[in-house]
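Q: All letters in the sequence shown, in the order written, are residues 420 to 774 by this note's numbering.
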Amino acid sequence: MAFLTRSIGVAAALAASALALSACSGTSTSDTTSDSTAAASAEDFGDLTVQLSWIKNEEFSGEYIADTEGYYDEAGFDAVSLVPGPSSGATELISGTADVAISDAVAIGSVVASEGAPLKIVGALFQKNPFSILSLADGGNIATPEDLVGKRIGVQDSNRAIFDAFLLANDIAADEVEVVPVQYDTSPLTTGEVDGFISYLTNESLTVAMEGYDTVDLAFADNGLPFVAKTYTVTDDTIENEREMVKAFLAAEIRGWTEAIADPAVGVELAMTEYGSDLGLDEEHSLAGAEAQVALISTDETLENGLFTISDQLIEENIASLAAAGIDLDAESLFDLSLLAEVYEENPDLVAYEQ
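1) Would you identify the three-state DSSP class for residue 641, choosing helix, strand or coil?
2) Once you ignore the five residues that flank residue 550 on each side, which residues in its own chain have a CB closer than 6 Å to its CB?
3) Where do the ends of the alpha helix (DSSP H) carrying residue 712 lie?
4) Short of 6 Å in beta carbon distance, which residues of its chain neighbour residue 736, apart from the five on each side in sequence? Order them along the chain.
5) So who's on the other strand from residue 652, going by DSSP bridges?
6) Cβ atoms of residue 665 and residue 758: under 8 Å apart, would you say?
7) Do we get a CB-CB distance below 8 Å when we pair residue 577 with the residues of chain C?
8) Is it the case that the region 511-525 contacts the region 622-633, given that we only count it when at least three CB pairs across the two stretches are under 8 Å?
9) Using DSSP with H/G/I as helix, E/B as strand and the rest coil, what is residue 481?
10) In the DSSP output, what is residue 636 paired with across the bridge?
11) Check whether the Cβ atoms of residue 614 and residue 695 sit closer than 8 Å, and answer yes or no.
12) If we count the other Cβ atoms within 10 Å of its Cβ and call it buried at 16 or more, is residue 500 buried or exposed?
13) From which residue to which residue does the alpha helix (DSSP H) around residue 607 run?
14) Do you know whose CA, among 498, 561, 669 and 626, lies nearest residue 765's CA?
15) Does the beta-carbon of residue 537 have 16 or more other beta-carbons within 10 angstroms, so that it is buried, or is it exposed?
16) When the Cα atoms are used, what is the spatial distance from residue 679 to residue 463?
17) Considering only residues of the same chain and omitting the five flanking positions on each side of residue 599, which have a CB-CB separation below 8 Å?
18) Whose C-alpha, out of 718, 643, 763 and 761, is nearest the C-alpha of residue 743?
19) Just mark residue 636 as buried or exposed, buried being the case when its beta carbon has 16 or more other beta carbons within 10 Å.
20) Could you tell me whether any non-hydrogen atom of the ligand GTP is closer than 7 Å to the CB of residue 735?
21) What residues in its chain sit with their C-beta under 8 Å from that of residue 503, if we drop five residues either side in the sequence?
22) Take the Cβ of residue 495 as the centre, count every other Cβ of all protein chains shown within 10 Å, and call the residue buried at 16 or more, exposed below.
23) Specify the secondary structure class of residue 619 as computed by DSSP and reduced to three states.
24) Under three-state DSSP, which class holds residue 732?
25) When the distance is taken between beta carbons, is residue 602 closer than 8 Å to residue 721?
26) According to DSSP, is residue 755 part of a helix, a strand, or is it coil?
27) Measure the C-alpha to C-alpha separation of residue 585 and residue 733 and round it to an integer number of angstroms.
28) Can you grab the Cα-Cα spacing for the pair residue 719 / residue 544, in whole Å?
29) If you drop the 5 nearest sequence neighbours on each side, which residues of the same chain put their C-beta closer than 6 Å to that of residue 595?
30) Enumerate in chain order the residues of its own chain whose CB-to-CB distance from residue 683 is below 6 Å, with the five nearest sequence positions on each side excluded.
31) So if DSSP puts residue 496 in a beta bridge, which residue, or which two residues, is it bridged to?
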């Protein structure tokens, strides 16, 4: 099958339409049943809707485990609906059709900066975003931003905004690169129609390499756009009025992702047999993707302070990165990590996710 890429959805049209809609299983590797999780079980938060950024593949292994192992139930939720994307989640959050969105700093920062959207990132699964420009070593061989000049780059419509941001962050004029509209199939790259292709390090880059090609990746995170991804985002109103609900959800997520990191095969099995059973997922590719994303999740920061945490330095880098892409806002307008801090203060056992 042709493996898909995800949509970042940061166009201004999305922001405008979003605001217009607004009238305003594996075995546990550690005992992560925390005091607050137990306390939350006495709560009744009802149903929760989570807008995923992409299809139900292995990228959401932690969510599948939290659901299957009953961590959402124990946190006080009657049911948690995982709605597949692609979506940035902004529209769903503001319209009230989703309670939590898994997105990224560029997508959320764009609507906050341009339209004043009342959204906050409360944690980030990926400390480094996986976006890259994929090329073939014997083709475009795009190893540095300067190598983009004069090249034909395959860009999906949904990823045009982030590609433009990448050019801007690296002082490359738009007319120095030829943008070739593509879909999600990587064949335009392997047939030589394009020299580079917007991809994910944990998806298309693996797909092409597994087909036997010698590949080169120009990672956005290492070249001017070190923004966090797979961010947990909620509205300001949710933070103000449903703070304990958000904290309970984060605690359940930490438990799920603790197990997903310990044994990536568990989440892959759930994706293939249950949550994404209709997608025709390839087991070898899915397992490679699940293992590759661990390096984006687990860092020195998270090992010391816990999953989803974002260091002050990384926040500063995100704000600077967004500014370089023409998205101007301060940290307080985009991030609120106080809820996550409370989760770990109340549940110090959750910090040590690697046993």
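Using N, Cα and C, we set each Cβ at its ideal position, and we do this for glycine too.
A: Reading from the atomic positions:
1) Counting from 1 along the sequence shown, the entry for residue 641 is found at position 222. Looking at residue 641 - three-state DSSP - the assignment turns out to be helix.
2) In the sequence shown, counting from the first residue as 1, residue 550 sits at position 131. So the qualifying residues of the chain are 639.
3) Here residue 712 corresponds to residue number 293 of the sequence shown, with the count starting at 1. Its alpha helix (DSSP H) spans residues 702-716.
4) Within the sequence shown, the letter at position 317 stands for residue 736. So the qualifying residues of the chain are 645.
5) Here residue 652 refers to the residue found at position 233 of the sequence shown. For residue 652, which the question treats as bridged, DSSP gives the partners 520 and 540.
6) Counting from 1 along the sequence shown, the entry for residue 758 is found at position 339. Counting from 1 along the sequence shown, the entry for residue 665 is found at position 246. A contact, by the Cβ cut-off of 8 Å.
7) Of the protein chains in this structure there is only one, and it is not chain C.
8) no
9) Reading the sequence shown from its first residue, position 62 is the one you call residue 481. Taken through DSSP and simplified to helix, strand or coil, residue 481 comes out as helix.
10) Taking the sequence shown and counting its residues from 1, one reaches residue 636 at position 217. Answer is 553.
11) Here residue 614 refers to the residue found at position 195 when the sequence shown is read from its first residue. Here residue 695 refers to the residue found at position 276 when the sequence shown is read from its first residue. Cβ atoms of residue 614 and residue 695: not closer than 8 Å.
12) Working through the sequence shown from its first residue, we reach residue 500 at position 81. Counting Cβ neighbours within 10 Å, residue 500 comes out exposed, since fewer than 16 surround it.
13) For the purposes of this step, residue 607 is identified with residue 188 of the sequence shown, where counting begins at 1. That run of the alpha helix (DSSP H) goes 606-609.
14) Your numbering for residue 765 matches position 346 in the sequence shown. Ranking 498, 561, 669 and 626 by Cα distance to residue 765 puts 669 first.
15) As a working note, residue 537 is residue 118 in the sequence shown. With 16 or more Cβ atoms within 10 Å of its Cβ, residue 537 is classed as buried.
16) Sequence index remark: in the sequence shown, residue 679 carries index 260 (1-based). Sequence index remark: in the sequence shown, residue 463 carries index 44 (1-based). So the alpha carbons of these two residues sit roughly 26 Å apart.
17) Here the question's residue 599 lines up with position 180 in the sequence shown. Within the same chain, residue 599 has close Cβ partners 571, 572, 573, 574, 607, 612 and 613.
18) As a first step, residue 743 is located in the sequence shown; it is residue number 324 there, counting from the start. Here the closest residue by C-alpha is 643.
19) Taking the sequence shown and counting its residues from 1, one reaches residue 636 at position 217. Counting Cβ neighbours within 10 Å, residue 636 comes out buried, since at least 16 surround it.
20) This structure does not include the ligand GTP; it has no bound ligands of any sort.
21) The residue labelled residue 503 in the question sits at position 84 within the sequence shown. Only 471, 473, 474 and 475 meet the Cβ criterion.
22) Sequence index remark: in the sequence shown, residue 495 carries index 76 (1-based). The residue is buried, with at least 16 neighbouring Cβ atoms inside 10 Å.
23) On the sequence shown, position 200 is the one that residue 619 refers to. Looking at residue 619 - three-state DSSP - the assignment turns out to be strand.
24) Indexing the sequence shown from 1 puts residue 732 at position 313. In this structure, residue 732 counts as helix in the three-state DSSP scheme.
25) By one-based count along the sequence shown, residue 721 stands at place 302. By one-based count along the sequence shown, residue 602 stands at place 183. Taking 8 Å as the cut-off, the beta carbon of residue 721 is found no closer than this to the beta carbon of residue 602.
26) Locating residue 755 in the sequence shown gives position 336, counting from the first residue. Three-state result, residue 755: coil.
27) Sequence index remark: in the sequence shown, residue 585 carries index 166 (1-based). Sequence index remark: in the sequence shown, residue 733 carries index 314 (1-based). When rounded, the distance between both Cα atoms is 18 Å.
28) As a working note, residue 719 is residue 300 in the sequence shown. As a working note, residue 544 is residue 125 in the sequence shown. If I take the Cα positions, the gap works out to 14 Å.
29) Residue numbering aside, residue 595 sits at position 176 when the sequence shown is read from its first letter. For residue 595, where only same-chain residues beyond five positions count, the Cβ hits under 6 Å are 568.
30) In the sequence shown, the residue the question calls residue 683 occupies position 264. Counting only Cβ-Cβ distances below 6 Å, and skipping sequence neighbours, we find 709 and 710.
31) Counting from 1 along the sequence shown, the entry for residue 496 is found at position 77. Paired residues: 465.
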